[in-house]
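Structure first, then comments.
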Amino acid sequence: MVSTGLSSLDQLVGGDGYPDRSVVLAVGAPGLGKEALSYWFTHSGLLQGDFCLYVTRHSVSEVLKNAKAFGLDFGSRVPFWIARDGGELKCNVKDLTSLSFNIKEVLRKNSDRRIRIVVDTLSALLMLNSPETIYNFLSTLFDDVKRYDVVLLGTVEDGMHQPQTLVAMQELFDGVVEFRLYEEGLRVTPLLRIRKMLGVQPQPGYYSFSFTSSGMEVSAYAK
Amino acid sequence: MLSDYDVEVLIGGLAVLAVYGYAAFWAFNIRRGLTVKLYRNQTLGIGLVAIGLAYFSFVFDKLLSFVVTSSLGTDIGFAILPLVLFYFTDQSLRAARESDPLERDQFHWSKLRIVLWIAILISLIITGNLVSPTSGLVFAIVDVATAFIALGIPLASSAILLPLAWTRSSDITFRRHLKWFGLSAISIGLCFVWALLTPPGGVPGVFVISNAFVSLSGEFVFLLLSAYFLYRSARAVVPLYSFKEKIET
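Residue numbers (our numbering), protein chains in the order written: chain V, 7 to 229; chain B, 734 to 982.
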């Protein structure tokens with residue numbers, strides 16, 4: 007198992023974190039804080055000495071700034087970046103072939119270590135390419151994840167794409183963590199749900215969550 | 734004793750206030766559920782626009798005359814609306830950039846916004862006579878020019894840039910949010926047109942509705958439509974789910 011970096015979330019996804027050699031998707035509307043999962047996952051990996059690859063359409067400085075807003079300072083330990091600006095490799099979301107090749111090469115060169123990958127470009131890729139192209143890209147990437155000792159965490163925006171695209175996307179992943187705003191009468195509550203997780207019984211429950219400087223607090227939500 | 738006209742002003746005005754207030758309530762309600770500053774600011778913007786329009790309608794539909802008789806209330810209304818409208822436009826364009834896969838800085842907005850904010854604030858300070866400019870003709874020219882800037886920049890930027898952001902975005906939630914906002918703005922525009930064409934006594938040769946009751950009813954219809962569309966816009970900032978798993982469209 008690979009720690010999510012958040013003890014509260016580790017409990018929810020099976021006790022000790024994401025399953026080995028798995029691909030997990032965090033789905034949520036913009037602004038709910040699903041990116042924080044990526045930051046904590048990377049941070050935890052860096053502390054444990056894993057090789058961390060962060061694929062982002064943003065610049066490195068933007069990601070670090072956003073992570074700081076969640077109370078996370080990467081300090082001197084930083085991941086390997088494939089980013090729009092400031093990274094070791096350039097992330098061009100219009101060039102899917104080179105993105106795929108770059109990720110493959112980085113994985114191959116670090117195949118002797120445990121690897122964590124964060125991909126926050128899925129929504130951008132879906133906007134620029136047909137869903138079928140992205141499904142093919144992900145299938146190829148997931149083959150490598152299964153071959154090496156890799157856990158991949160992807161994030162995708164809810165509400166940005168057609169619902170059927172998102173459903174098909176979720177099918178490709180071993181685990182899905184869902185962030186949504188629920189409406190009950192006049193009250194709006196942000197809730198989290200583990201929609202599925204490889205090797206773990208489906209959990210029907212909803213959890214309310216909030217981010218603190220030390221991580222995420224989660225508690226079972228009673229309707 | 735209140736006349737029939739006064740009763741209509743009270744009932745219609747309070748109804749408009751209530752719907753705008755409800756729109757603001759939902760915007761702030763959704764804002765509480767969000768974590769990221771950019772989107773919290775965007776929902777704050779729509780909530781403030783709802784409050785600004787509520788206040789503006791308070792002035793516009795004469796309800797204010799029951800409370801305040803000086804022009805101060807009107808002046809405040811005209812100062813608040815451009816500010817909140819520009820704040821909303823600014824935050825929406827920043828959110829639009831975030832939802833653009835290529836993160837294009839349309840119209841160099843990240844830099845342009847600073848210049849426009851400064852221009853609007855300075856104009857409002859001068860227009861509001863918070864500083865004493867020179868008197869006479871120069872004062873009159875400066876006053877008109879700054880009022881034009883203070884109102885013109887927010888109106889022009891929202892009328893030009895938001896529709897452009899709508900056409901360029903492929904984020905279906907963002908597009909839905911802006912679509913409702915656009916309908917709200919159009920309703921306000923129609924309300925103005927109606928009010929101009931139907932003053933008490935009518936406009937000879939243009940459009941004559943001399944009945945003040947009918948004229949006011951038309952204004953309330955457009956204001957209510959605007960408030961309702963703004964409420965839909967506030968609810969469309971992010972997808973809202975119910976426990977029946979039915980996504981709101």
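Beta carbons are placed, not taken as given, at the ideal position from N, Cα and C, and that holds for glycine.
All figures in this text were calculated on a predicted structure; none of them were measured in a lab.
Counting only beta-carbon atoms, is residue i nearer than 9 Å to chain B?
{"i": "ARG193 of chain V", "result": "yes"}
{"i": "GLY211 of chain V", "result": "no"}
{"i": "LEU230 of chain V", "result": "Outside the modelled stretch of chain V, which goes from 7 to 229, sits residue 230 of chain V, for which no answer is possible."}
{"i": "PHE217 of chain V", "result": "yes"}
{"i": "TYR188 of chain V", "result": "yes"}
{"i": "MET7 of chain V", "result": "no"}
{"i": "HIS167 of chain V", "result": "yes"}
{"i": "ASP155 of chain V", "result": "no"}
{"i": "ASP126 of chain V", "result": "no"}
{"i": "GLU138 of chain V", "result": "no"}
{"i": "GLN49 of chain V", "result": "One detail in the question is off: residue 49 of chain V reads as His in this sequence, not Gln. Chain B, which has no Cβ nearer than 9 Å to the Cβ of HIS49 of chain V, makes this no."}
{"i": "VAL99 of chain V", "result": "yes"}
{"i": "ARG27 of chain V", "result": "no"}
{"i": "ARG63 of chain V", "result": "yes"}
{"i": "PRO196 of chain V", "result": "yes"}
{"i": "SER14 of chain V", "result": "no"}
{"i": "ARG201 of chain V", "result": "no"}
{"i": "GLY39 of chain V", "result": "yes"}
{"i": "GLU223 of chain V", "result": "no"}
Assuming the contact rule is C-beta atoms closer than 8 Å, residue i and residue j should be a hit. Round their C-beta distance to whole Å, please.
{"i": "LEU38 of chain V", "j": "PRO196 of chain V", "result": "6 Å"}
{"i": "VAL183 of chain V", "j": "ALA32 of chain V", "result": "5 Å"}
{"i": "ARG765 of chain B", "j": "VAL194 of chain V", "result": "7 Å"}
{"i": "ALA35 of chain V", "j": "GLU163 of chain V", "result": "7 Å"}
{"i": "TYR820 of chain B", "j": "GLY778 of chain B", "result": "5 Å"}
{"i": "TYR964 of chain B", "j": "TRP759 of chain B", "result": "6 Å"}
{"i": "GLN839 of chain B", "j": "ASN774 of chain B", "result": "Actually they do not touch by this definition, with Cβ atoms about 18 Å apart."}
Between residue i and chain V, is the shortest Cβ-Cβ distance under 9 Å, so that the two count as touching?
{"i": "THR900 of chain B", "result": "no"}
{"i": "ASP904 of chain B", "result": "yes"}
{"i": "LEU826 of chain B", "result": "no"}
{"i": "GLU831 of chain B", "result": "yes"}
{"i": "LEU897 of chain B", "result": "no"}
{"i": "ARG846 of chain B", "result": "no"}
{"i": "TYR964 of chain B", "result": "no"}
{"i": "LYS770 of chain B", "result": "yes"}
{"i": "LEU781 of chain B", "result": "no"}
{"i": "ILE763 of chain B", "result": "yes"}
{"i": "ILE980 of chain B", "result": "Unreliable placement is indicated for ILE980 of chain B, whose pLDDT of 47 sits below 50; the coordinate value is still reported in the next sentence. Output row for ILE980 of chain B: interface = yes."}
{"i": "ARG773 of chain B", "result": "yes"}
{"i": "PHE955 of chain B", "result": "no"}
{"i": "SER975 of chain B", "result": "yes"}
{"i": "VAL971 of chain B", "result": "yes"}
{"i": "PHE914 of chain B", "result": "no"}
{"i": "ILE744 of chain B", "result": "no"}
{"i": "GLY754 of chain B", "result": "no"}
For residue i, is the classification buried or exposed, using 16 other Cβ atoms within 10 angstroms of its Cβ as the cut-off for buried?
{"i": "GLU138 of chain V", "result": "exposed"}
{"i": "LYS202 of chain V", "result": "buried"}
{"i": "THR982 of chain B", "result": "Its pLDDT being 44, under 50, THR982 of chain B is placed unreliably in this model, and the value from its coordinates should be taken loosely. Exposed, by the Cβ-count rule."}
{"i": "SER902 of chain B", "result": "buried"}
{"i": "SER136 of chain V", "result": "exposed"}
{"i": "ILE893 of chain B", "result": "exposed"}
{"i": "PRO2 of chain V", "result": "As shown, chain V starts at 7 and ends at 229. That puts residue 2 of chain V outside it, with no answer to give."}
{"i": "GLN168 of chain V", "result": "exposed"}
{"i": "ARG63 of chain V", "result": "buried"}
{"i": "VAL877 of chain B", "result": "exposed"}
{"i": "PHE789 of chain B", "result": "buried"}
{"i": "TYR738 of chain B", "result": "exposed"}
{"i": "VAL69 of chain V", "result": "buried"}
{"i": "TYR24 of chain V", "result": "buried"}
{"i": "ALA1010 of chain B", "result": "Since the displayed chain B opens at 734 and closes at 982, residue 1010 of chain B lies outside it and no answer follows."}
{"i": "ILE744 of chain B", "result": "exposed"}
{"i": "LYS979 of chain B", "result": "Note that LYS979 of chain B scores a pLDDT of 49, beneath 50, so its modelled location is shaky; the value from the coordinates is reported in the next line. Result: exposed."}
{"i": "ASN72 of chain V", "result": "buried"}
{"i": "LYS40 of chain V", "result": "buried"}
{"i": "LEU870 of chain B", "result": "exposed"}
{"i": "ILE121 of chain V", "result": "buried"}
{"i": "ASP833 of chain B", "result": "buried"}
{"i": "ASP26 of chain V", "result": "exposed"}
I want to check one thing, is the minimum distance from the CB of residue i to the heavy atoms of the ligand GTP below 8 Å?
{"i": "ASP16 of chain V", "result": "As for the ligand GTP, it is missing from this structure, which has no ligand bound."}
Give a yes or no on whether the minimum CB-CB distance between residue i and chain C is below 9 Å.
{"i": "ALA42 of chain V", "result": "Protein chains V and B are contained in the structure displayed, whereas chain C is not."}
Practice problem: For the segment 12 to 87 of chain V, list the beta strand (DSSP E) runs that are entirely contained and at least 3 residues long, ordered along the chain. | Solution: 29 to 34, 57 to 61
Quiz item: With contact counted as at least three CB pairs below 8 Å, one residue from each stretch, are the segment 55 to 67 of chain V and the segment 108 to 123 of chain V in contact?
Solution: yes
Quiz item: Does the segment 751 to 769 of chain B come close enough to the segment 952 to 962 of chain B to have 3 or more Cβ pairs within less than 8 Å?
Solution: yes
Quiz item: Counting pairs of beta carbons, one from the segment 68 to 81 of chain V and one from the segment 201 to 220 of chain V, are three or more of them closer than 8 Å?
Solution: yes
Quiz item: Quick one: any contact between the segment 142 to 151 of chain V and the segment 105 to 113 of chain V, if contact means 3 or more CB pairs under 8 Å?
Solution: yes
Quiz prompt | Start-end ranges of the beta strand (DSSP E) lying completely within the segment 123 to 191 of chain V, minimum 3 residues | solution = 156 to 163, 181 to 190
Quiz item: Counting Cβ pairs, one atom from each stretch, are 3 or more of them under 8 Å apart for the segment 848 to 856 of chain B and the segment 911 to 928 of chain B?
Solution: no
Practice problem: Kindly provide the ranges of any alpha helix (DSSP H) runs that are 4 or more residues long and lie completely inside the segment 821 to 875 of chain B, ordered along the chain. | Solution: 842 to 860
Self-check item: In chain order, each beta strand (DSSP E) run of at least 3 residues that lies wholly inside the segment 84 to 119 of chain V
Solution: 86 to 89
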